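Q:
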Amino acid sequence: MNTETARQYLKSPSTQKIIAGLQTLAHAGTLADLQTMLALAKHDNPSVKNHAIESSCLIIRENLISHYHELDSAVREKLGTIMNTLSSTVIDKISEDLYSDDDERRLRAVQILGLLKKNPRVHHVLANLVKDRDVKIRATAVNLLGKIVGPDSENIVMSLLNDKDKRVRANTIEALESVGNKRLIPILMRFRKDTNNRIRGNVLKALYTLGRKDVGQDLLEMIKSKNNFMKASALWVVSQIKFYTEEILENAGYLLISDNEMVVSNAQKALQAIDHPRARGYLRYLGSENTLEKEKPLQGTQEKTSA
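Each residue of the sequence shown is one higher than the one before, starting from 0 at the first, in numbering that gives the first Met the number 0.
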């Protein structure tokens, strides 16, 4: 059956023809058919109603996946709302695409989950996707989770931050920082003394970025640590947020003569980022000014258990 015949069938008094038309348009229809199909979702006949709902959801889903970036954001939001209203099993349908062999289709499916943020099951699906093998899927999932975090999802965020995989924890912190949600500050505060250097550094950087400026004492504690990974991570944070106190500045200068190459490198980058005459003096008089590495500063201070 061609699409024009299917559209005519939707106007038929025969329930069999209506259902046949819906089944055809579910796979060959366009968003222009949606209004007529949604009207049939209120049909008195339960079979017609169910087919109309299923067909409408399928058209919306396929269009969102195939034309996600071509659709205006307001249109995407509206389509997501319609899907969520129509079907209680919409998450199950989207989940089918989450396990597709097509990586692009999987990524679009994750983005569609963001449109269904009012569905209580979305949080749990996103939490599982944070551990996905695909870095794009992980990043998108955590980013969306951070945007929709609220009282109902705080436990999920906490579970990710306590995950046994340190990469999941560190990536979660980085993504939450990028979202800019200040409601996350109390959660992040619980991890500012974490035993993992990368996580601890990411937390302090995130707290500072989100508006919590009193990170000086925590950074100083890391810099004074006997653990070179901790020292280097703290110096990396300084180089990224360009924050310092007199003690941090003094200790960074002292670490230019460390016997650990990683610590020396990050001390150089930290002092280069600090706009203070003493910082330039340390670099000049300790003979490091001309050996500064020009590449983008890396935390580079991750224990072997980190990504």
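Note that CB positions come from ideal geometry on N, CA and C, so glycine has one too.
Note that the structure is predicted; figures quoted are calculated from it, not measured.
For Q110, I'd like the list of residues in its chain whose CB is within less than 7 Å of its CB, leaving aside the five on either flank, ordered along the chain.
A: Within the same chain, Q110 has close Cβ partners Y67, T139.
Q: With distances taken between CB atoms, is the gap from V236 to K204 smaller than 9 Å?
A: The answer is yes: Cβ separation under 9 Å.
Q: Helix, strand or coil: which one does DSSP assign to I111?
A: It is helical.
Q: Kindly indicate the opening and closing residues of the alpha helix (DSSP H) around T29.
A: Per DSSP, T29 belongs to no alpha helix (DSSP H) and is neither H nor E.
Q: Between the C-alpha atoms of V134 and D43, what's the straight-line distance to the nearest angstrom?
A: Cα to Cα, the separation comes out at about 47 Å.
Q: With a threshold of 7 Å on Cβ separation, who are the neighbours of A272 within its own chain once the five nearest residues in sequence on each side are excluded?
A: Result list for A272: V237, S238, K241, in chain order.
Q: List the endpoints of the continuous alpha helix (DSSP H) containing V167.
A: Note, V167: alpha helix (DSSP H), 165-178.
Q: What span of residues does the alpha helix (DSSP H) with T208 cover, start to end?
A: Looking at the DSSP string, the run of the alpha helix (DSSP H) that includes T208 is 196-208.
Q: Whose CA, out of S54, K16, H26, lies closest to the CA of T37?
A: This sequence places Leu at residue 37; Thr is not what is there. Minimum Cα distance to L37 is reached at S54.
Q: Find the nearest neighbour of A174 within the set K163, L209, D258, judged by alpha-carbon distance.
A: Ranking K163, L209, D258 by Cα distance to A174 puts L209 first.
Q: For V262, which residues from the same chain have a beta carbon less than 8 Å from its beta carbon, with the 5 sequence-adjacent residues on both sides left out?
A: Closer than 8 Å at the Cβ level, and outside the excluded window around V262, lie N227, K230, A231, L234, L254.
Q: Let me make sure I understand the geometry here. Which of F190, I155, N142 has the alpha-carbon closest to that of G179?
A: For G179, the nearest C-alpha among the options comes from N142.
Q: Using only CA atoms, which one of A31, D32, D96 lies nearest to K60?
A: As written in the sequence, residue 60 is Arg, which differs from the Lys given in the question. The shortest C-alpha separation from R60 is found at D96.
Q: Output needed for L206: all residues of its chain with C-beta closer than 8 Å, excluding positions within five of it in sequence on either side, in chain order.
A: Correct list, in chain order: I184, L187, M188, R191, V214.
Q: With DSSP run on the structure shown, which of helix, strand or coil describes M0?
A: Coil.
Q: Within the same chain, show all residues whose beta-carbon is closer than 7 Å to that of L309, passing over the 5 residues directly before and after it, in chain order.
A: Shown here, the chain extends from 0 to 306; a query on residue 309 therefore has no answer.
Q: Under the rule that 16 or more other beta-carbon atoms within 10 Å means buried, what is K117, buried or exposed?
A: K117 comes out exposed.
Q: M0 and A19: beta carbons closer than 9 Å?
A: For M0 and A19, yes; Cβs fall inside 9 Å.
Q: Using a Cβ-Cβ cutoff of less than 6 Å, which residues in the same chain neighbour V121 once the five nearest sequence positions on both sides are dropped?
A: The residues are L112, L115.
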